[in-house]
Amino acid sequence: MAKIRYNQVAAIVVLVGFAAWMGTGKFSSVGSAAAEGDKGQPAAQHAQTPDKPAAEPAKEAPRTVAVVSPPRLEHARAIRISGLTEADKRAVLATRAGGIIAELPVTEGDRVKTGQTILVLAEEGQQAALELAQQLVKQREAELEAARRLAKTGTMPKLQLDTAVSALAQAQSQLKAAQAELDRLTVVAPFDGLIDKVNVEIGSAAPQGTQVATLLSLDPVVVKGEVSERDLRFVRTGDKAEAKMVNGEAMTGEVRYIGREATPTTRTFRVEIAIANPDDKIPAGMTSEIVLRGETADSVVLPRSVVTLSAKGDLGIRAVDKDNKVVFVPIDIVDDMENGLVLGGIAADARVIVAGQELVTEGETVKPVAADPELIKKLVGEATGTN
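Each residue of the sequence shown is one higher than the one before, counting from 1 in the numbering used here.
If you want it as structure tokens, here you go:
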């Protein structure tokens with residue numbers, strides 16, 4: 001019993017001693033005192049020289065960019081849109097009466113003149129009715145002449161003279177009707193053009209309204225496209241225009257019509273370009289690229305690579321101001337040539353960054369160096385058509 005008490009007392013003493021040691025916190029310095037001693041010397045030395053200034057970081061040199069002051073030129077604004085060729089006139093000729101096709105003097109590809117016969121239906125009594133009407137008119141004319149002579153002598157009442165006048169008018173009306181019935185047997189060309197398609201054969205029956213042939217007038221040929229509402233202000237009737245066909249052939253014409261109502265879905269306006277086509281070389285339905293030439297604008301020619309976006313997403317170029325700081329300049333694309341852009345909206349004294357523009361930001365100070373002037377001279381020569 002005494003032994004048990006002694007063990008309990010010993011355990012309590014050890015527990016109290018361990019708790020007291022933990023409370024002092026001295027156990028945390030075990031194994032680290034030497035390290036603290038080693039580090040303490042530099043810290044002390046640093047603390048003893050508080051007045052010594054800290055070393056300043058070295059300043060970065062301004063970034064070098066290539067700049068150029070491009071020469072000015074007057075260049076006609078170019079608006080490029082896609083288009084499709086169409087015939088100036090197109091008509092589907094049809095019969096005005098029913099019957100058997102007796103004559104079909106044209107074939108596909110024939111060129112015809114206004115009023116030329118395209119098709120004739122076999123007549124079925126129309127000619128005889130016309131001749132009868134002609135004889136009736138002659139008879140009524142003779143009767144009217146006799147009635148007038150008798151009326152002058154007073155042997156015929158005026159009422160009978162009026163009856164003779166009415167009889168002649170009725171006979172003339174019948175003659176016109178008979179002539180119209182005979183004319184309906186013939187289909188003629190309403191304008192000069194090309195027979196593009198023939199839908200019937202000689203000897204076949206053709207009910208009234210049968211489509212006989214398709215007639216096209218391809219001189220001038222019309223190229224139609226849609227211009228955006230933004231570019232509409234630059235286009236005028238009578239302006240010169242170019243059309244490059246899908247086969248590579250380029251033609252020149254002029255704007256003959258600009259639509260006054262926008263297409264609801266695209267908000268674009270119809271534009272028609274008339275191009276001379278005397279030999280019908282350009283067919284209808286061919287895809288083409290239309291280049292509308294507007295008024296000239298004060299411009300510069302620069303490589304496409306100079307065009308960039310601002311932080312707001314605006315299209316423009318970066319330039320260097322008089323303090324060698326980068327500025328962003330919005331641009332107006334006047335023309336898009338094969339090897340460069342014709343840009344408007346750039347000041348005459350602007351130094352445009354042509355190399356390194358994507359590596360700098362607005363407001364940054366840079367070191368500008370002159371770019372190769374031969375590149376710009378070459379681009380200007382291509383824009384003006386000179387070497």
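C-beta atoms are modelled at their ideal positions from N, C-alpha and C, and glycine is treated no differently.
If you draw a straight line from the alpha carbon of Q357 to that of G285, how long is it in whole angstroms? Cα to Cα, the separation comes out at about 45 Å.
Under a three-way DSSP split, which group does D162 fall into? helix
Need the endpoints of the beta strand (DSSP E) that K367 sits in, please. V366 to A370
Checking contacts by CB at 9 Å: is I101 closer than that to chain C? In the displayed structure, chain C is absent; only one protein chain is listed.
Whole-angstrom distance between A87 and T266, CA atom to CA atom: 24 Å
3 or more residues per run - each beta strand (DSSP E) lying fully within the stretch 68-141: Within the stretch 68-141, the complete beta strand (DSSP E) segments at least 3 residues long are 73-94, 99-103 and 117-121, listed from N- to C-terminus.
Tell me which same chain residues have a C-beta within less than 7 Å of the C-beta of A241, skipping the five on either side of it? G253, E254, V255, I273, I290, V291, L292 and R293
Comparing C-alpha positions only, which one of L119, A319, V307 and V354 sits nearest to G203? L119
In the DSSP output, which residue or residues are listed as bridge partners for V223? Its beta-bridge partners are T85 and I273.
Count the other CB atoms, across all protein chains shown, that sit within 10 Å of the CB of N199; report buried if there are 16 or more and exposed otherwise. exposed
Please state if the CB of S217 and the CB of K89 are separated by a distance shorter than 9 Å. Closer than 9 Å, so yes.
Given a threshold of 16 other Cβ atoms within 10 Å of its Cβ, counted over all protein chains shown, does Q181 qualify as buried or as exposed? The sequence as given places Glu at residue 181; Gln does not occur at that position. With 16 or more other Cβ atoms within 10 Å, it is buried.
Quick one: Cα of S69 to Cα of L215, how far? 58 Å
Can you list, in chain order, the residues of its chain with a C-beta nearer than 8 Å to that of E74? Leave out the 5 residues immediately preceding and following it. T296, A297, D298 and S299
Are R318 and L341 closer than 9 Å when you measure CB to CB? no
Exposure of N277, with buried meaning 16 or more beta-carbon neighbours within 10 Å: buried
Only counting runs of 3 or more residues, tell me where the beta strand (DSSP E) segments fall wholly within the stretch 165-232, in order along the chain. 186-188, 193-198 and 211-228
Assuming R77 and V334 form a contact by the criterion Cβ under 8 Å, report the distance between their Cβ atoms to the nearest whole angstrom. 5 Å
From P330 to A91, what does the alpha carbon distance come to, in whole angstroms? Cα to Cα, P330 sits roughly 50 Å from A91.
Pop quiz: L168 and R140 are said to be a contact at Cβ under 8 Å. What is the actual Cβ separation, rounded to whole angstroms? 4 Å
Is there contact between the stretch 96-104 and the stretch 178-196, where contact requires at least three CB pairs shorter than 8 Å? yes
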